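When you read off a place in the sequence shown, starting at 1, and then add 88, the result is the number in my numbering. Even for Gly, the Cβ is constructed at its ideal location relative to N, Cα and C. Just so we're clear, the structure is a prediction, and the values are computed from it rather than from any experiment. See below for the structure under consideration.
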Amino acid sequence: MRAPHEEKQQTAREHPAQVGDAATAATASPLIAQYLALKAEYPEAMLLSRVGDFYEAYGDDATELASALNIVCTSKEAGRGQRVAMAGVPHHAVDHYLGRLLRQRRIIAIAEQMEEPVPNRLVRREIVRVLTPGTVLEDQFLNAERNNYLVAVTTAAGATAIAAADVSTSSASLSVVADDDALAGELDRLAPAELIVAAEEDIERYQPLVNTTCRIAVADPQPDDGSRLPALEQIAMAERPAAREALALLLGYLRYLRLDAAPIAAATVVHETRTTMLLDRQTRRHLDLLAGSGESKSASLAGVLAKTKTPMGARMQTAWLCAPLIDLAAIRERHDAVESFVRAPAVRVDLQKTLAGIGDVERLVQKIRARRAAPRDLAGLRRSLEHATTLATDLRATGNPQWADFAGEIEAAGVVAQAAELLATSLVDEPAATLAEGGVIRPEHSKELADLVSLRGTGRDHLLALETDVREATGVKSLKVKYTQAIGYYYEVGKAHADALGAEFVRRQSLANAERFSDHRLKELENRILSARAQQVALERQLFDAVVGKLADLSTALLRSARTIACVDVFCSLAQVAGERRYVRPSMTADSALHVEAGRHPVVEAFGGLDFVPNDCAVDARHRFLLITGPNMGGKSTYLRQTALMSILAQMGSFVPALSATLGIVDRLFTRIGAGDDIAAGRSTFYVEMSEMALILRNCTPRSLLLIDEVGRGTGTTDGLAIAQAISEHLLNLGAAMPIVLFATHFHELVDLGATFANLDNLHVAVADEPTGPVFSHRLLRGSSSRSYGIAVADMAGIPKSIVDRAAEIAGALESRPAVASRRSRTARLGESPDRQLEMEIT
Numbered sequence: 089m090r091a092p093h094e095e096k097q098q099t100a101r102e103h104p105a106q107v108g109d110a111a112t113a114a115t116a117s118p119l120i121a122q123y124l125a126l127k128a129e130y131p132e133a134m135l136l137s138r139v140g141d142f143y144e145a146y147g148d149d150a151t152e153l154a155s156a157l158n159i160v161c162t163s164k165e166a167g168r169g170q171r172v173a174m175a176g177v178p179h180h181a182v183d184h185y186l187g188r189l190l191r192q193r194r195i196i197a198i199a200e201q202m203e204e205p206v207p208n209r210l211v212r213r214e215i216v217r218v219l220t221p222g223t224v225l226e227d228q229f230l231n232a233e234r235n236n237y238l239v240a241v242t243t244a245a246g247a248t249a250i251a252a253a254d255v256s257t258s259s260a261s262l263s264v265v266a267d268d269d270a271l272a273g274e275l276d277r278l279a280p281a282e283l284i285v286a287a288e289e290d291i292e293r294y295q296p297l298v299n300t301t302c303r304i305a306v307a308d309p310q311p312d313d314g315s316r317l318p319a320l321e322q323i324a325m326a327e328r329p330a331a332r333e334a335l336a337l338l339l340g341y342l343r344y345l346r347l348d349a350a351p352i353a354a355a356t357v358v359h360e361t362r363t364t365m366l367l368d369r370q371t372r373r374h375l376d377l378l379a380g381s382g383e384s385k386s387a388s389l390a391g392v393l394a395k396t397k398t399p400m401g402a403r404m405q406t407a408w409l410c411a412p413l414i415d416l417a418a419i420r421e422r423h424d425a426v427e428s429f430v431r432a433p434a435v436r437v438d439l440q441k442t443l444a445g446i447g448d449v450e451r452l453v454q455k456i457r458a459r460r461a462a463p464r465d466l467a468g469l470r471r472s473l474e475h476a477t478t479l480a481t482d483l484r485a486t487g488n489p490q491w492a493d494f495a496g497e498i499e500a501a502g503v504v505a506q507a508a509e510l511l512a513t514s515l516v517d518e519p520a521a522t523l524a525e526g527g528v529i530r531p532e533h534s535k536e537l538a539d540l541v542s543l544r545g546t547g548r549d550h551l552l553a554l555e556t557d558v559r560e561a562t563g564v565k566s567l568k569v570k571y572t573q574a575i576g577y578y579y580e581v582g583k584a585h586a587d588a589l590g591a592e593f594v595r596r597q598s599l600a601n602a603e604r605f606s607d608h609r610l611k612e613l614e615n616r617i618l619s620a621r622a623q624q625v626a627l628e629r630q631l632f633d634a635v636v637g638k639l640a641d642l643s644t645a646l647l648r649s650a651r652t653i654a655c656v657d658v659f660c661s662l663a664q665v666a667g668e669r670r671y672v673r674p675s676m677t678a679d680s681a682l683h684v685e686a687g688r689h690p691v692v693e694a695f696g697g698l699d700f701v702p703n704d705c706a707v708d709a710r711h712r713f714l715l716i717t718g719p720n721m722g723g724k725s726t727y728l729r730q731t732a733l734m735s736i737l738a739q740m741g742s743f744v745p746a747l748s749a750t751l752g753i754v755d756r757l758f759t760r761i762g763a764g765d766d767i768a769a770g771r772s773t774f775y776v777e778m779s780e781m782a783l784i785l786r787n788c789t790p791r792s793l794l795l796i797d798e799v800g801r802g803t804g805t806t807d808g809l810a811i812a813q814a815i816s817e818h819l820l821n822l823g824a825a826m827p828i829v830l831f832a833t834h835f836h837e838l839v840d841l842g843a844t845f846a847n848l849d850n851l852h853v854a855v856a857d858e859p860t861g862p863v864f865s866h867r868l869l870r871g872s873s874s875r876s877y878g879i880a881v882a883d884m885a886g887i888p889k890s891i892v893d894r895a896a897e898i899a900g901a902l903e904s905r906p907a908v909a910s911r912r913s914r915t916a917r918l919g920e921s922p923d924r925q926l927e928m929e930i931t
């Protein structure tokens, strides 16, 4: 396994000899030599080694740790008079610091002390876990509402394959993509936390396709891994070498990190990209499907739909939103389920109350599989399974056959009840956070444990009896028996009574106002009590591990149950939104049609703060190109977006914001809406715009939906108009291969295309000219607009009056020149480029 591709953190700190330096290695102290040996197991990782109450790093790792966390870098004796850089973090706060390191895309190895410290002897230490952004299991490092994907990408025999796994939920998929455009779309859908590739040269290819928070590492492929997995049999023979290598890379990497790859291998399913609507990166962003980093969740479609009650449901709803179905029967099946919950609002509300008591069963079960579950994780699973049983009972009680099926899948042939019973009979009601202090397993779960707990209980009685005896024997009524971890059990008396205790009492500690003593009776009792305590803790650990092992044996069925719970949660969420927002069930057809009555933009309607003006949309086989003209702020872009969101909502299984809707299946949705410079890549606004259009024109099909807004505006008017018209004509000439196109433009010359192409419909945004200025109705009507109202909008936006007046004067001069009108007309008809004289006339 090779080092990941990421820049070393640079630091200006001066420090002594570095760990790994040959001289240091040869002369290192035992502690540093041990650190070196552990570091060699994962040279690319930052190693944190437990030393007492701290996790420490040495040498280069120390300087990087100090720089990354902005903590002090000091030094430590390294042997033979040498010193080595050292930095560390306290053990009780290590998770906080690990989170910061993971957000910096680092890999961290944790070495723990494997035995109790003994004076003058080196403690044995071992690496017990390796954390990377794509393989963490701990809740504090994960977003409960998003999957955390580790992705491997390989290319072989001309095919590119993607193996993706969410280790925290034990889910995995394998897919093959046709080209780099499809690869970019899939990587954007997955939004991996970590991407692994097979060669250094792959990094440059894939780096632009993932977000900046994704860690990219080069791993050694292991071609034999996973070669007999069932998922591979579902991949076409020609694509199988790439798929096999991607799986091998993924599973080999997990094993390298000391994770069990078997559950991931067994859970791998084929994700057939041809079975879902394809959405590329810019389309997801243009349509605000998900909130971006640092953005309010409410400013997205996901925010509108955020009514799920469980973390699993939230993740599943996000997955459905990012990959809408294109199978008509599957879409209708989801609509049937949502409708059943819409028709029973009171029952749905009760079900959602039960759902709210269910925790993240998927991630809890995966912790159990990995043997990393803490006592309170099991307590959380117990509560969740109890609520799951209630959910199943309530679903079955309705008499709805579909809901009864859900109930059966949630119960998992009795496995949920079996696991709940195991936890109820083994775990105390409120277990401790860790196993270190005991008090986790019910005493009645084991006779041996019950005896030890009884012994500790009687030990307390013996302590009270001894305290009473010593009080009476010494006459010190204020004497008390107490305990500290430092000195164990002791008698405590005030300073004034210290002399009352005889020679058989041994002074243990002096305080400002008290003295602490012991005697042989207290010492014998202490040994019996502490021995019982140690035995109890050890036995509880064994019993706890046994319970975890039994739950791990049930994990596959528990995960299936969790995913059905998530489905029910999503259906209830979508039904709640439909009821609250007056959404309707769309009629889905196999035809390429789009008929919406009084459609609304779901995000603007929910969070815009104003009454939303609905609009119709009618696209059929005869009219597949809608050319929309009108002023800025008129609502053209909103209309485009709401039409696209209508298809996404419908095909993910949701109802839609309209009075009625008949929708055909969209296989791919493209947007060309807004643009900006890509400074990092050295690309201008116009270049970005043209790149997006090129992607659309390369990949659109007769079942695609294209949203094109203001194409050509990033360059001069003449060139922009010519490009916009040429693109329109190309699409209109596709005939039966033509996609559905919604084309918004300020180039009013394009409306004349309606006279040439019968499959083009002109629409415009209605505007009322009032004495105080234009009033935008946001209503779309048939026909074209003859004015842009740009100067009026500039005035409304607060542009100084002198500039507005001058703009109106220039516009009037332009409109009054016959040569200008003639050239514009000819350009619209023929797509010609007039000479530059026009651009020079107004100075």
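Query                                                                                                                                                                        : Result
Per the contact definition of three or more C-beta pairs closer than 8 Å, is the segment 157 to 170 in contact with the segment 194 to 204?                                  : no
Got a sec? Which residues, its chain only, sit under 7 Å from H423 by beta carbon, not counting five neighbours each side?                                                   : R673 and G741
Quick one: give me the first and last residue of the alpha helix (DSSP H) that Q664 is part of.                                                                              : S643 to R669
Which ranges would you report for the beta strand (DSSP E) in the segment 557 to 612 if only whole runs of at least 3 residues count?                                        : 568 to 572, 576 to 582, 594 to 598 and 602 to 606
In the DSSP output, what is F758 paired with across the bridge?                                                                                                              : L794
What span of residues does the alpha helix (DSSP H) with F713 cover, start to end?                                                                                           : Where F713 is concerned, there is no enclosing alpha helix (DSSP H), although the beta strand (DSSP E) it sits in stretches over F713 to T717.
Three or more beta-carbon pairs under 8 Å between the segment 389 to 399 and the segment 327 to 343, yes or no?                                                              : no
State the DSSP-derived secondary structure class of T478, mapped to helix, strand or coil.                                                                                   : helix
The beta strand (DSSP E) with T750 in it runs from where to where?                                                                                                           : S748 to G752
Reducing DSSP to helix, strand and coil, say where D633 ends up.                                                                                                             : helix
With a CB to CB cut of under 6 Å and the five nearest residues on each side skipped, what residues in its chain are close to T513?                                           : none
If you reduce the DSSP assignment to three classes, tell me which class H866 lands in.                                                                                       : strand
Take the Cβ of V426 as the centre, count every other Cβ of all protein chains shown within 10 Å, and call the residue buried at 16 or more, exposed below.                   : buried
Sorted by chain position, which residues of the same chain lie with C-beta nearer than 6 Å to R756's C-beta, five sequence neighbours on each side aside?                    : L366 and S792
Using the three-state DSSP reduction, which class does I767 fall into: helix, strand or coil?                                                                                : Interpretation of I767 is limited by its pLDDT of 39, a score under 50 that renders its predicted location unreliable; the figure taken from the coordinates is listed afterwards. Here I767 sits in helix by DSSP.
Which residue comes first and which comes last in the beta strand (DSSP E) that contains A357?                                                                               : Going by the sequence as given, residue 357 is Val instead of Ala. V357 -> beta strand (DSSP E) spans T356 to V358.
If we count the other Cβ atoms within 10 Å of its Cβ and call it buried at 16 or more, is G468 buried or exposed?                                                            : buried
I'd like to know whether the C-beta atoms of F229 and L190 end up nearer to each other than 7 Å.                                                                             : yes
Rounded C-beta distance between S735 and L393? I'm assuming under 8 Å.                                                                                                       : With 8 Å as the limit, S735 and L393 do not qualify as a contact, their Cβ atoms being about 15 Å apart.
Determine the extent of the beta strand (DSSP E) in which E777 is found, giving its start and end residues.                                                                  : Counting along the chain, E777 falls outside any beta strand (DSSP E), though it belongs to the alpha helix (DSSP H) covering T773 to N787.
Does the segment 707 to 722 come close enough to the segment 835 to 855 to have 3 or more Cβ pairs within less than 8 Å?                                                     : yes
If you follow the alpha helix (DSSP H) that G78 is part of, which residue opens it and which one closes it?                                                                  : Past the edges of the chain, shown from 89 to 931, lies residue 78, and the structure says nothing about it.
Under 7 Å, do T750 and S643 count as touching if we go by C-beta distance?                                                                                                   : no
Out of curiosity, what's the CA-to-CA distance linking A520 and G547?                                                                                                        : 21 Å
Please report the straight-line C-alpha distance between E200 and E518, rounded to a whole angstrom.                                                                         : 28 Å
At the level of alpha carbons, what is the spacing between I73 and M884?                                                                                                     : There is no way to answer for residue 73, as the model of the chain reaches only from 89 to 931.
Which residue from S566, G563 and R595 puts its Cα closest to that of I575?                                                                                                  : R595
In this structure, what does DSSP give as the bridge partners for G687?                                                                                                      : N703
Are the beta-carbon atoms belonging to E614 and Y577 less than 7 Å from one another?                                                                                         : yes
Among residues of its own chain, excluding the 5 on either side of A768, which ones have a beta-carbon nearer than 6 Å to its beta-carbon?                                   : Here A768 scores only 42 on pLDDT, less than 50, and its place in the model should not be relied on; the value that follows carries that caveat. Cβ within range, chain order: n/a, list empty.
Can you tell me the Cβ-Cβ gap for V799 and I815, rounded? I've got them flagged as a contact below 8 Å.                                                                      : 6 Å
Taking a contact to mean a Cβ-Cβ separation below 7 Å, would you say V216 touches L278 in this structure?                                                                    : no
Using a 10 Å radius around the Cβ and a threshold of 16 neighbouring Cβ atoms, would you call A307 buried or exposed?                                                        : buried
Take A110 and list the residues in its own chain whose beta-carbon comes closer than 7 Å to its own, dropping the five residues that flank it on each side.                  : Summary for A110: the model assigns pLDDT 46, below 50, so the residue's position carries little reliability; its value from the coordinates is reported in the next sentence. If we look at A110 and ignore the five residues flanking it on each side, it has no Cβ neighbours.
What residue from E132, A133 and Y146 has the CA that sits closest to Y123's CA?                                                                                             : Y146
Leaving aside the five residues before and after S865 along the sequence, list all residues of the same chain whose C-beta is less than 6 Å from its C-beta, in chain order. : A854
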